[in-house]
Amino acid sequence: MAKYLYQYNEKVYVVESFGRYIPKLIKSKHSGIYFLLMKRMFIALNLSEKVRDCLVLVQDKLRREVGEKSVKWVERENLHVCLFFLEEVEDEKIAAIKNVLNVFNPPFQLSLSKLGFFPNKSKPRVVWVGLSGEIEGLVAYRKEVKEKLLKIGLFFDPRFSAHITLGRIRRKARGTTFSQEIINRIQELLEKEKISFTTNKVSLFEVKLSSEGPKYFPVFEVKLAA
93 MAKYLYQYNE KVYVVESFGR YIPKLIKSKH SGIYFLLMKR MFIALNLSEK
143 VRDCLVLVQD KLRREVGEKS VKWVERENLH VCLFFLEEVE DEKIAAIKNV
193 LNVFNPPFQL SLSKLGFFPN KSKPRVVWVG LSGEIEGLVA YRKEVKEKLL
243 KIGLFFDPRF SAHITLGRIR RKARGTTFSQ EIINRIQELL EKEKISFTTN
293 KVSLFEVKLS SEGPKYFPVF EVKLAA
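In this note's numbering, the protein residues as written are 93 to 318.
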């Protein structure tokens, strides 16, 4: 259970959330104030089982390098290509999001390319695998979707990098790094496997927080078509 503090007219309000929703303060001249519970959601491209197999293999090799407790690895079923993370979504806007995603666009041909780190290799916080292939088409599709999401009142981080997150360095393990040797071995693996795939579906997921970490639940999926 999370607690949120809000201040309005010199009063402080404490609102509890069980992780599924984010309370949003709404001010009204007629009814004072109330709290609207908002959902955490994200829009992502789905991955094939073949791609997941390769990514899990990469995770296993990296895990042997740093141990079990240094990184919170993304579960196999949760691996995805995130296009937009939507921090505050009302139920009423879900249908509008589906209409936005019904953009006529051919499927994308993508490939796993390289191992990377945010913000950088010397001080990693996030471990990821980058994508290559029809990135220009993916960026153009995302731009079109972005403009329509803004029109229906949704906001998100405008930055985008085509990648798949493998894991996040745990707070207590900050300072964990990966040797150049393991980075080279992962690169050799990716070049050897040459994993290419077609992304023909885009989905909306809801994020529900739990003591075991975030859980992702599909809300709907839309097929990409020319």
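Every residue gets a Cβ at the ideal spot worked out from N, C-alpha and C, and that includes glycine.
Notebook entry, point to check: How many whole angstroms separate the CB atoms of T269 and P216, which I take to be in contact at a CB cut-off of 8 angstroms?
Noted result: Sure, about 7 angstroms apart at Cβ, within 8 angstroms.
Next item on the list: Tell whether a beta-carbon distance below 8 angstroms holds between L258 and V221.
Entry: In this structure, V221 lies closer than 8 angstroms to L258 by Cβ.
Note to self: Looking at the secondary structure, which residues open and close the beta strand (DSSP E) in which G259 lies?
What the structure shows: According to the DSSP assignment, G259 belongs to the beta strand (DSSP E) that extends over 255-261.
Check: Where does R263 land, buried or exposed, given buried means 16+ other C-beta within 10 angstroms?
Finding: Exposed is the call here.
Notebook entry, point to check: Within this structure, are the beta carbons of V173 and A254 separated by less than 8 angstroms?
Noted result: Yes, the pair counts as a contact, with Cβ atoms nearer than the cut-off.
Notebook entry, point to check: In its own chain, which residues sit with a C-beta less than 7 angstroms from the C-beta of E285, not counting the 5 before and 5 after it?
Noted result: Excluding residues within five positions, the ones whose Cβ falls inside 7 angstroms are C146.
Next item on the list: Could you say which of L281, A188, K235 lies nearest to Q151 if we only look at CA atoms?
Entry: That would be L281, whose Cα lies nearest to the Cα of Q151.
Notebook entry, point to check: Which residue's Cα is closest to the Cα of S203: E182, L149, E226, I261?
Noted result: When only C-alpha atoms are compared, the closest one is E226.
Margin query: Using a 10 Å radius around the Cβ and a threshold of 16 neighbouring Cβ atoms, would you call R339 buried or exposed?
Written below: Nothing about residue 339 can be reported from this structure: the residues present for the chain run from 93 to 318 only.
Margin query: In chain order, what are the residue ranges of uninterrupted alpha helix (DSSP H) at least 4 long that sit wholly in the segment 181-245?
Written below: Counting only runs of 4 or more residues that sit fully inside the segment 181-245, the alpha helix (DSSP H) segments are 186-193, 227-243, in chain order.
Next item on the list: Give me the Cα-Cα distance between E298 and K307, rounded to the nearest whole angstrom.
Entry: Taking the straight line joining both Cα atoms gives about 8 angstroms.
Margin query: With the cut-off set at 8 angstroms, would you say N191 and L316 are in Cβ contact?
Written below: Using a Cβ distance threshold of 8 angstroms, N191 and L316 do not count as a contacting pair.
Notebook entry, point to check: At which residues does the beta strand (DSSP E) containing K315 begin and terminate?
Noted result: First-last of the beta strand (DSSP E) with K315: 307-315.
Note to self: Quick check on the DSSP output: the alpha helix (DSSP H) that includes V148 runs from which residue to which?
What the structure shows: Its alpha helix (DSSP H) spans residues 141-158.
Checklist line | Minimum C-alpha distance to L136 - residue among V163, V237, E160 | finding: Here residue 136 turns out to be Ala, not Leu, going by the sequence shown. For the residues V163, V237, E160, the minimum Cα distance to A136 belongs to V237.
Next item on the list: Would you please state the rounded distance, in angstroms, between the beta carbons of A187 and I244? I believe it to be under 8 angstroms.
Entry: With a beta-carbon spacing of about 10 angstroms, A187 and I244 fall beyond the 8 angstroms limit used to define contacts.
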